[in-house]
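Quick notes on the structure that follows.
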Amino acid sequence: GVDECGTDVGAGDGDEETRDGDDATWDGYPNPDAAGSRASLALSVGAVWSEAVVNGPPERRGACVGLFAAVLPRVAATRGDPGVCAVGADVAAGWLRPYARLLWELKHGDPGTTSRALRTLHAVASRCSGDSAESPLAAALAAVETELAPFFARVPPPSSTDQTAPRRRGKPGPFSKLPAPCQHVAIALLGQLPCLSPTTLRAAAHAALNEDADPNIAVRAAEAVTCNMRAAPLALSVSFLSALLTGAGSWRVGRRAAPAGARALVGMGDSDSPWAGPCLAWPALNLAIVRAERAGDAEGARRARFGALVLAALASEARRAQ
Numbered sequence: 001g002v003d004e005c006g007t008d009v010g011a012g013d014g015d016e017e018t019r020d021g022d023d024a025t026w027d028g029y030p031n032p033d034a035a036g037s038r039a040s041l042a043l044s045v046g047a048v049w050s051e052a053v054v055n056g057p058p059e060r061r062g063a064c065v066g067l068f069a070a071v072l073p074r075v076a077a078t079r080g081d082p083g084v085c086a087v088g089a090d091v092a093a094g095w096l097r098p099y100a101r102l103l104w105e106l107k108h109g110d111p112g113t114t115s116r117a118l119r120t121l122h123a124v125a126s127r128c129s130g131d132s133a134e135s136p137l138a139a140a141l142a143a144v145e146t147e148l149a150p151f152f153a154r155v156p157p158p159s160s161t162d163q164t165a166p167r168r169r170g171k172p173g174p175f176s177k178l179p180a181p182c183q184h185v186a187i188a189l190l191g192q193l194p195c196l197s198p199t200t201l202r203a204a205a206h207a208a209l210n211e212d213a214d215p216n217i218a219v220r221a222a223e224a225v226t227c228n229m230r231a232a233p234l235a236l237s238v239s240f241l242s243a244l245l246t247g248a249g250s251w252r253v254g255r256r257a258a259p260a261g262a263r264a265l266v267g268m269g270d271s272d273s274p275w276a277g278p279c280l281a282w283p284a285l286n287l288a289i290v291r292a293e294r295a296g297d298a299e300g301a302r303r304a305r306f307g308a309l310v311l312a313a314l315a316s317e318a319r320r321a322q
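Start counting the sequence shown at 1; every next residue gets the next number (UniProt numbering).
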């Protein structure tokens, strides 16, 4: 304060202002450490999120997914630049990794939250398309991909000794009971993930070709994988498209899936070589026919032959159009 003459009371020239307590306080109040506070907040959010993924409740899961839908795409777009975004890429990657577990835990009981989570994955993946595999978010997306298969379907691995042996039937995953718009968002994710494994593509093919599936899902699956050929070895992409061509569980699905797979295979070559993709797929087509016949599945064998004929017709048409 000051006295009646305007003279400061309680402070002398050159005196340092006094602090109460230690250096961590100022006049009894905490001295804020912005970086430390953000780190503590991020840890707290991560702990709440990890618990919500496994144990719920649904309201908390939904709130976390809503928060991350706003934050994660922005972090991906800015590469976690601290000058632009308060959340670093490492922290965001930690929040992203449980998403595959989340999709499994949600099952089909909360399509709104599932759709929002899938859209967030799609947005982050699309913004990380040019990142190296070692970047935090790209590595997190790769980790999510390795756990994504059960969401689509639980499919036993093929026999390593006899490729013509009938395949064991898989079990549909939560994907099969979701509304069609949500299924389309999930399939579109195959077009953005930085890597696609045999397990994930096998499960996605099973989900798309299920006899009760929306026939348009197989069409979207062919488009997604064709647009993301860099994410999988060529042989794996050809195998997936061949499955769409020959593996439908019903004619209702096969009449849409076979032309979609055929167009994608013909489009793999340039205009001068429309038969390049079909030639790569031909062994898989023959194998599908033999496998169906050995299993006593006459209709399955007919659908496989239908797919082979559609492929040959489209390739021949493309050749004549040159």
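Idealized CB from N, CA, C, for every residue including glycine.
- Here the alpha carbon of A257 sits roughly 9 Å from the alpha carbon of W251.
- Distance between V253 and P73, taken at the CA atoms: about 35 Å.
- CA-CA distance, G112 to E51, rounds to 20 Å.
- Within the DSSP bridge table, the entry for R154 names K171 as partners.
- Taking a cut-off of 8 Å for Cβ pairs, the stretch 208 to 227 and the stretch 274 to 287 do not touch, as fewer than three such pairs fall below it.
- At least 8 Å separates the beta-carbon of Q192 from that of I217.
- For Q183, the uninterrupted alpha helix (DSSP H) run begins and ends at 180 to 188, by DSSP.
- Secondary structure note for V75: its alpha helix (DSSP H) is the uninterrupted segment 58 to 78.
- Using a Cβ distance threshold of 8 Å, A203 and I187 do not count as a contacting pair.
- In the structure shown, M229 adopts helical secondary structure according to DSSP, grouped into three states.
- Going by DSSP, E293 is part of the alpha helix (DSSP H) stretching over 276 to 294.
- The stretch 114 to 128 and the stretch 92 to 106 touch, with three or more beta-carbon pairs separated by less than 8 Å.
- Between G170 and P156, the beta carbon gap of about 6 Å places them in contact (Cβ cut-off 8 Å).
- By alpha-carbon distance to V144, the top candidate from S132, D131, A93, F175 is A93.
- Within its own chain, the residues whose Cβ lies closer than 6 Å to the Cβ of A208, once the five positions on either side in sequence are excluded, are I217, A218, A221, listed in chain order.
- Going by DSSP, T200 is part of the alpha helix (DSSP H) stretching over 198 to 209.
- R61 and W49 have their C-alpha atoms spaced approximately 7 Å apart.
- Annotated as proximal: L245 and G307, with beta-carbon spacing under 8 Å.
- CA-to-CA, the gap between M268 and D214 works out to about 25 Å.
- Cβ contact annotation for A315 (same chain, cutoff 7 Å, sequence separation greater than five): V266, P274, W275, P278, in chain order.
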